[in-house]
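Asker:
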Amino acid sequence: MDGAPPPEEDFSGIPIGERLVHKNWKARVHGYEALVKVFQATASEDDPAFRPYISNSDLLKKIATDANAVAQEKGLEAILALVEFAGESAARTRDAVIPALVDKCYGSARAGTKTKAIELTLRYVEIDNGGEAVVVRDILSQAGIVFDHSHPQNDLIPGLSAKQPKTVLGTVTALREIISAYGPKVVPPKMVLKNLPKIFGHTDKNVRAEGTGLTQALYTYLGPALQPFLSELKPVQIKELTEGFEALDKESKGQGTGAQTRWTKAQARERQAAAERAEEAEEAGGDGGEPEAAVDPMDFIEAADIMPKVPNNFQEAMGSSKWKDRKEALDALLEVLKATPKVADSDGHGELAKALAKRMSDANIMCVIAAANCIEALAKGVGKSFGRHRASLINPMLERLKERKANVTDAIGSGLDAVFATTTLPEVTEDILNSLKSKNPQVKEGTLKFLNRSLATTRIPPAKDDVKPLSTQLAALLEDSDEKVRTGAAEGLGLTMKIVGERALNPVMESMDDIRKAKVKEAFEKAQVKCKATAAPPPKPPPAAVAPPKKKKAAPPPKPDMVFDDVPPKDSPVAKKPDIIEEMAPPKAKVPARFLKKGPAAAAEKPPAEKSTAPAPAASKKLPPAVTAASAKSAKATPAAATDTFKYKFTPEDADARSSELIPAQIQTDLSDAQWKARLAALEEMSTWLDGELSGDGVESELVFRFLGKKPGWNEKNFQVRV
């Protein structure tokens, strides 16, 4: 029988709390949708509307695990809205919600449910601030993967979802999204790295395929430091992953390309504050500060002691007369170092460094190369603390640069660079200077290459006492008979000049002929360094009448420090009101010319000024050029009056009341805004408004001055707004 469909049941009359737990799934959907609207309409993250849900984690868990698939997806939308609009206060619900997502949502057949569950997980990382790794803990624990609860003991925490391949697949996907979006600074990857063998050992091929995506995401951040964690995988899996890494590197999507795309709430606040500081620094003529430091993969790897793994007969083998024995021992040490990307500092490293240094003079170049490779791996693995062994290593390595074979000098050069990364330029300058005096052209050439690489990468400038001997020695090498030495010396001088400034090298440059000067200047122009020049940059002409921004601090008692062309004589009635005059006196800053204009009536009443009656404080301070010029111009155009009734006829209370009526309300509101851009826009709007008002003689200048003295105020901190 045909007819109209039955009307939909109306659930709007039921309270939201009852709808959320209603036995009818449609009522629950209606409740979830209403909840989203409630959260969207809140005024702030502290709105009372959030409290009933933030304090009821069990209800949120029930919503996330709704038995009806359609209602479950709508429920996730409601929780997403809660987390988005309640912010950090909603982080306390994570313990209940994340396990529910892993258990019932990651493996959902509905793509929308799975997508929203992963997005909700990312949101929890955002609001958890400092507890982001705990999100990973919840995921790993629910998925039945090893988690390190505190220190040494690892527990295998069983989870029902671990038996379902779909859930494990969703878990790995969530981990990949978290690592890709937030990076290892927010989510330390140690536990993920430890459990890669379990992921790649799963029986489901889709899980293993998603594990490849997770590993590639890790590779973009960690690079080669990831390799030791793949050692337990099957050889064919290692091969496939390595080929994938190489393909990513060729496409410029490999190691070092990982970049954080989402930020925690705390990070967002820090970034905003940093951006404001950078803007202020740029306005003040600075460079906005240092860029954010790159991720160091070693920060996320546990250091291991290699000394127990070093062959027991290593020192004995180093003294063997057979080069094969020495080579085998060096190769064995290198294998240990390759398997340990982060090496724990040890007292035994001193003897190890000395033994490797002696191999620099080995008659067999294969032993020299192997020893140089060991030095490089050891320096990179130990890090900064290895720098104390530089004295026993650098000289022998520089001396062996006399070798003509490129594979030998390349290996030694890489070893030198690794050692330099653990020390500073001032600490190795003496060794470099001694090596530059060598009579062997290969040693000089190799030393110059090492010096130039060091100058390009150092963040610490040469010691002040080293600049002259270093530049003098480099200048002397410009006369060397070997072209490669001359070229290297010119490059070294250019890099040094880039760091210490041109002025510091003037004494050396004056003694050169024009050809050599040109080569050094060319090298200077091309030089790229990470260390900032210690010499002051060429001064830029400052904007007229702008006080240095650093003079914002410490406000002394306000005094009249600007000369106005309409200051009344001391015996006038207005001059007897010092409180008004002091209120009118701004700090040193450029005063817009329009505010110094006088209406026709005021100009007509102005008789010649009397110098003897000028207020003493106003004449005691030096004025900005623009203000002085404006005052002089105005003085010529309009003679001063004996009594100026235009400027000083309002009391402070009367001036406040009149300016509130005179100046548009929106401008007044925007000038009180915390954002400097809003204040700047308000002043620009006020400028336009004043142009129109001044053309009709409709503005009392005293009211404008007093208003600007309070909003934004003469002590406005932002440079652009102040000008």
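In the working numbering, the protein residues as written are 2 to 724.
Glycine included, each C-beta is placed from N, C-alpha and C at the ideal position.
1. With a cut-off of 8 Å on the beta carbons, I'd call V486 and L449 a contact; round off their distance for me.
2. If we count the other Cβ atoms within 10 Å of its Cβ and call it buried at 16 or more, is D129 buried or exposed?
3. On a CA-only basis, which of D104, H203, V84 and E78 is nearest G113? Give me that one, please.
4. Are N374 and L335 touching if we call contact CB-CB under 7 Å?
5. Going by other Cβ atoms of all chains shown within 10 Å of its Cβ, with 16 needed for buried, is R124 buried or exposed?
6. What are the boundary residues of the alpha helix (DSSP H) that includes E46?
7. For I370, I'd like the list of residues in its chain whose CB is within less than 7 Å of its CB, leaving aside the five on either flank, ordered along the chain.
8. Please determine, among E85, A82 and Y54, the residue with the shortest C-alpha to C-alpha distance to A97.
9. Could you check the C-alpha separation between L496 and L434 for me, to the nearest Å?
10. In the DSSP output, which residue or residues are listed as bridge partners for V30?
11. With a threshold of 7 Å on Cβ separation, who are the neighbours of P539 within its own chain once the five nearest residues in sequence on each side are excluded?
12. Going by the CB atoms, is the gap between A72 and R29 shorter than 7 Å?
13. Nearest-angstrom Cα distance between D250 and L223?
14. Run through the DSSP bridge pairs and tell me what V344 is partnered with.
15. Grab the span of the alpha helix (DSSP H) containing H390 for me, first residue to last.
16. For V22, which three-state DSSP category applies?
17. State the DSSP-derived secondary structure class of N435, mapped to helix, strand or coil.
18. Taking 6 Å as the line, does the beta carbon of T459 fall inside it for any heavy atom of the ligand NAD?
19. Within this structure, are the beta carbons of A380 and V337 separated by less than 7 Å?
20. With a 10 Å radius around its C-beta and 16 neighbouring C-beta atoms as the bar for buried, classify V103 as buried or exposed.
21. Alpha carbon to alpha carbon, how far is K465 from P508? Give it in angstroms, no decimals.
22. Where does the unbroken alpha helix (DSSP H) through G489 begin, and where does it stop?
23. Suppose the cutoff is 8 Å on Cβ atoms and the five residues either side in sequence are ignored; what does the same chain contact list for D481 look like?
24. If you compare alpha carbons, which of I307, Q667, C368 and K531 is closest to L426?
25. Can you tell me whether I395 is buried or exposed? The criterion is at least 16 other CB atoms within 10 Å of its CB, across all chains shown.
26. Cα-Cα, which of A345, D297 and V311 is closest to E303?
27. Three or more C-beta pairs under 8 Å: does that hold for the region 206-221 against the region 315-325?
28. Figure out for me which residue from A91, L219 and K63 has the closest Cα to the Cα of S56.
29. Under DSSP, the alpha helix (DSSP H) around Q1 begins and ends at which residues?
30. Which whole runs of the alpha helix (DSSP H) in the region 43-103 are 4 residues long or more, in chain order?
Answerer: Well, looking at it:
1. Counted from its first residue, the sequence shown places residue 486 at position 485. Counted from its first residue, the sequence shown places residue 449 at position 448. About 7 Å; that satisfies the 8 Å criterion.
2. Position 128 of the sequence shown, counting from 1, holds the residue named residue 129. Classification for D129: buried.
3. Here residue 113 corresponds to residue number 112 of the sequence shown, with the count starting at 1. The shortest Cα separation from G113 among D104, H203, V84 and E78 belongs to E78.
4. The count along the sequence shown starts at 1 and reaches residue 374 at position 373. The count along the sequence shown starts at 1 and reaches residue 335 at position 334. Result yes, Cβ atoms of N374 and L335 sit closer than 7 Å.
5. Reading the sequence shown from its first residue, position 123 is the one you call residue 124. Per the 10 Å Cβ criterion, buried.
6. If you number the sequence shown from 1, residue 46 lands on position 45. Premise fails: E46 is in no alpha helix (DSSP H) and is neither H nor E.
7. As a first step, residue 370 must be located in the sequence shown, where it is residue number 369. Excluding residues within five positions, the ones whose Cβ falls inside 7 Å are N408, V409 and A412.
8. The residue labelled residue 97 in the question sits at position 96 within the sequence shown. Ranking the options by Cα distance to A97, first place goes to Y54.
9. Mapped onto the sequence shown, residue 496 falls at position 495. Mapped onto the sequence shown, residue 434 falls at position 433. Cα to Cα, L496 sits roughly 16 Å from L434.
10. By 1-based counting over the sequence shown, the position of residue 30 is 29. Beta-bridge pairing links V30 to no other residue.
11. Position 538 of the sequence shown, counted from the first residue, corresponds to residue 539. At P539, the pLDDT of 44 sits below 50, so the modelled position is not reliable; the number obtained from the coordinates is stated separately. Excluding residues within five positions, none has a Cβ falling inside 7 Å.
12. By 1-based counting over the sequence shown, the position of residue 29 is 28. By 1-based counting over the sequence shown, the position of residue 72 is 71. Yes, the Cβ-Cβ distance between R29 and A72 is below 7 Å.
13. Looking up residue 250 in the sequence shown gives position 249. Looking up residue 223 in the sequence shown gives position 222. So the two alpha carbons sit approximately 13 Å from each other.
14. Walking along the sequence shown from the start, residue 344 turns up at place 343. A305, per the DSSP bridge assignment.
15. As a first step, residue 390 is located in the sequence shown; it is residue number 389 there, counting from the start. Element bounds for H390: n/a, residue is neither H nor E.
16. The residue you call residue 22 lines up with position 21 of the sequence shown. Looking at V22 - three-state DSSP - the assignment turns out to be coil, as it is neither helix nor strand.
17. Here residue 435 corresponds to residue number 434 of the sequence shown, with the count starting at 1. Looking at N435 - three-state DSSP - the assignment turns out to be helix.
18. This structure lacks the ligand NAD, and indeed carries no ligand of any kind.
19. Here residue 380 refers to the residue found at position 379 of the sequence shown. Here residue 337 refers to the residue found at position 336 of the sequence shown. Not closer than 7 Å, so no.
20. Here residue 103 refers to the residue found at position 102 of the sequence shown. V103 should be labelled buried.
21. In the sequence shown, counting from the first residue as 1, residue 508 sits at position 507. In the sequence shown, counting from the first residue as 1, residue 465 sits at position 464. So the alpha carbons of these two residues sit roughly 15 Å apart.
22. Position 488 of the sequence shown holds residue 489. Its alpha helix (DSSP H) spans residues E484 to V501.
23. Along the sequence shown, one-based indexing puts residue 481 at 480. Same-chain partners within the cutoff: P442, K445, R487 and A490.
24. Within the sequence shown, numbered from 1, the residue matching residue 426 stands at position 425. L426 has its Cα closest to that of K531, out of I307, Q667, C368 and K531.
25. What you label residue 395 is simply residue 394 of the sequence shown in a count that begins at 1. By the neighbour-count rule (16 or more Cβ atoms within 10 Å), I395 is buried.
26. Here residue 303 corresponds to residue number 302 of the sequence shown, with the count starting at 1. Taking only the C-alpha atoms, the option nearest E303 is A345.
27. no
28. Along the sequence shown, one-based indexing puts residue 56 at 55. Among A91, L219 and K63, the Cα nearest to that of S56 belongs to A91.
29. This structure cannot settle anything about residue 1, because the visible part of the chain is limited to 2 through 724.
30. 52-55, 58-65 and 70-87
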